[in-house]
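Protein chains in written order, with the working numbering: chain H, 17 to 132; chain V, 13 to 124. Just so you know, even glycine gets a beta-carbon here, dropped at the ideal spot from N, CA and C. If you're wondering where the values come from, they're calculated on a predicted model, not measured in any experiment. The structure appears below as structure tokens.
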């Protein structure tokens with residue numbers, strides 16, 4: 017079945033530094049991937065849609081200069097949190113669409129980002 | 013109108029009980045309603061989904077009931093087990109779009 021691998025699973029960084037999170041589709045090609053943010057005990061909020069070979073589409077209120085998305089290949093999308101601050105601490109989850117996946121969408125296992 | 017309201021926020025049941033989680037929506041353009049199960053520190057996984065042309069769908073111990081006129085749908089977990097303890101999210105989407113609108117989640121705990 018469709019598998020999405022997300023790395024790292026946990027990362028701690030200092031304020032002001034940048035952190036890159038990778039999302040890979042392991043056994044299928046994903047022209048479109050999605051990035052979500054989840055606060056503790058809260059729902060998933062779509063941040064942006066990552067399109068292979070083109071600019072990402074950001075949801076209203078999401079700073080595109082803060083959350084840089086690159087989708088350079090059909091199997092890899094990256095989210096870079098630039099100049100991270102403690103308020104950026106959150107659980108970030110990617111997903112990708114694949115016809116054979118139940119419901120079409122497969123989610124990665126998430127990345128817990130803590131900014132200190 | 014894009015919101016999906018989910019209740020309760022948390023739920024505790026005894027093993028073998030039947031927890032019920034409810035969701036309501038406003039946008040009549042929604043035509044796909046999945047439920048996701050999420051364990052701590054993991055991404056959500058699709059549990060079961062329904063489209064508005066049926067009123068009920070059952071997969072194993074999980075059942076979705078759908079009331080189109082009331083714009084409500086619910087998840088029932090039969091013979092619940094401690095391993096079912098997780099956070100459950102309902103969602104709604106319109107076919108052909110990528111936007112899932114997630115409910116706020118229900119933290120379920122099944123006591124042994």
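Given a cut-off of 8 Å, decide if residue j and residue i are closer than it, judged by their beta-carbon atoms.
i	j	result
residue 91 of chain H	residue 108 of chain H	no
residue 84 of chain V	residue 36 of chain V	yes
residue 115 of chain V	residue 50 of chain V	no
residue 51 of chain H	residue 66 of chain H	yes
residue 34 of chain H	residue 96 of chain H	yes
residue 86 of chain V	residue 39 of chain V	no
residue 112 of chain H	residue 41 of chain H	yes
residue 80 of chain V	residue 64 of chain V	yes
Quick one: is residue i buried, meaning 16 or more other Cβ sit within 10 Å of its Cβ, or exposed?
i	result
residue 66 of chain V	exposed
residue 16 of chain H	Only positions 17 to 132 of chain H appear in this structure, which leaves residue 16 of chain H out of reach.
residue 37 of chain H	buried
residue 132 of chain H	exposed
residue 31 of chain V	buried
residue 124 of chain V	exposed
residue 122 of chain H	buried
residue 28 of chain H	exposed
residue 88 of chain H	exposed
residue 103 of chain H	exposed
residue 6 of chain V	Not covered by the structure: residue 6 of chain V. The range shown for chain V is 13 to 124.
residue 73 of chain V	exposed
residue 55 of chain H	exposed
residue 94 of chain H	buried
residue 103 of chain V	buried
residue 76 of chain V	buried
residue 70 of chain H	exposed
Which residue or residues does DSSP assign as beta-bridge partners of residue i?
i	result
residue 46 of chain V	V:61
residue 122 of chain H	H:112
residue 128 of chain H	H:26, H:107
residue 112 of chain V	Answer is none; residue 112 of chain V lacks a bridge partner.
residue 107 of chain V	Answer is none; residue 107 of chain V lacks a bridge partner.
residue 38 of chain V	In the DSSP output, where bridge partners are listed per residue, residue 38 of chain V has none listed.
residue 119 of chain V	V:22, V:99
Using beta carbons (cut-off 8 Å, strictly below), is residue i in contact with chain V?
i	result
residue 50 of chain H	yes
residue 125 of chain H	yes
residue 40 of chain H	no
residue 24 of chain H	no
residue 59 of chain H	yes
residue 74 of chain H	no
residue 96 of chain H	no
residue 53 of chain H	no
residue 90 of chain H	no
residue 119 of chain H	yes
residue 65 of chain H	yes
residue 84 of chain H	no
residue 62 of chain H	yes
Distance cutoff 8 Å, beta carbons only. Does residue i sit that close to anything in chain A?
i	result
residue 109 of chain H	No chain A appears in the structure shown, which is made up of the protein chains H and V.
Is there a Cβ of chain H sitting closer than 8 Å to that of residue i, yes or no?
i	result
residue 56 of chain V	yes
residue 37 of chain V	no
residue 108 of chain V	no
residue 17 of chain V	no
residue 115 of chain V	yes
residue 101 of chain V	yes
Within the region 26 to 104 of chain H, note down every full alpha helix (DSSP H) run reaching 4 residues or more, in order along the chain. none
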